[in-house]
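Residue numbers (UniProt numbering): 1 to 463.
What follows is the structure, given as structure tokens:
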């Protein structure tokens, strides 16, 4: 049996969607998403066939032949229909309503045997992005959502401590909770465990581990600073651009993150839909999306000529993202160098901090992260001034809104990707946020062990 250390061990209630990588690791071993998401595209999951009508309004999805839960019960499409209904009523870990009800408002969702039908009032070709976040469990006798349809079955489970899994071919895994990265590293070095995840969270970043196999994976997560577009300095688009030009992202990644990051070019990662294939970003001409230049001279000139306030408050949590206070310090120094006056406000209560940002208590800049792997979701939840959703911070950009409306209603996949690429290029050149970087996750295991790697969404994959 192979022992793996995760940050936490838990199976959340069925209607709780999460981006926590440890919980996603367990979900992807034991459960299955309705569809899978890989490099910006839908792939077969629990449903392995799907069709979209020519008008983009009717999705018909068919379950994999013979799909069954680990207790032998057959999966039916009605299970998925009930699950989606529950999700649309659910709230996130901060008590905020999920956006799914808004996405599916007015939709008619029906089930017939193995076929799920979703009819939306307007074209919704991005629906697979949403279904890839939905994992269908069956509740065990103890009330936990631990009976799935995935390749690994739960044998024993102690919430918060450990879980033992068995594969159909007889292999076994034991996954244990070790909240501290340093403890995971020591356990790996001592031979107590064979695999240690999320070693990018060590107090002192490292890129290798003697005698072990070291893995690194750039992720879909975007570390950002929200800009207050309603009032103050960043109601002026020239100062939003100036702040982005003032930041040396490569130096930020090197000095603060120990090299474990990829400088951001726009609102989403290189793995998102509309950013090309194999991690190559594409702009409206089909060329690679350019880096945001480090140009403090131009930034200083923009600051000097703007009539907007130059005094800023940068808000930061203590964690989530990692090293957030150090990131805030780097941002403050960079902005002060081009003419801003900066004060840092540190929040001790991380859930409270998220609720405050949802209530638009952003200060002028607020360090946060953007986790959805769906380009549609990032834009709809955080950029669109038509949606004005919970994470939108007041920037009104009518060209971005028009580009988004065109992209989200384009049914042909290739044309829709190109439409999103035009939107992402526009947002790179006309920033709504202070774009920072995409973190690199780290995992290490004992030499000779095979079949373990990291997904760009941050979870551990086991072959």
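The beta-carbon is built from N, C-alpha and C at its ideal position, and this holds for glycine as well.
When rounded, the separation of the alpha-carbon atoms in residue 38 and residue 132 is 10 Å. Where residue 162 is concerned, there is no enclosing alpha helix (DSSP H), although the beta strand (DSSP E) around it starts and stops at 162 to 167.
Where residue 109 is concerned, the enclosing beta strand (DSSP E) starts and stops at 108 to 112. With respect to the 8 Å criterion, residue 411 and residue 218 are not classified as neighbours on the basis of their beta carbons. Per DSSP, the beta-bridge partners of residue 59 are 52 and 118.
Per DSSP, residue 292 lies in no beta strand (DSSP E) and is assigned neither H nor E.
Excluding sequence positions up to five before and after residue 153, its CB lies within less than 6 Å of the CB of 70 and 166, all in the same chain and listed in chain order. DSSP, read as helix, strand or coil, puts residue 136 in coil.
In the three-state reduction of the DSSP assignment, residue 374 falls in the coil class. In this model, residue 239 and residue 233 are separated by some 6 Å (Cα to Cα). The beta-bridge partner set that DSSP reports for residue 175 consists of 4 and 163.
Taking C-beta atoms as the reference points, residue 273 and residue 375 count as a pair closer than 8 Å. Beyond the five residues adjoining it in sequence on each side, residue 72 comes within less than 7 Å, by CB distance, of no other residue in the same chain.
When 118, 380, 104 and 321 are compared, the shortest CA-CA separation from residue 257 is found for 321. Residue 290 and residue 296 have their C-alpha atoms roughly 17 Å apart. Residue state for residue 228 is assigned as coil, using DSSP reduced to three classes. Secondary structure at residue 369: strand, using DSSP grouped into helix, strand and coil.
Secondary structure within the region 339 to 413: the alpha helix (DSSP H) runs of 4 or more consecutive residues, fully enclosed, are 350 to 358, 375 to 382 and 398 to 408 (chain order).
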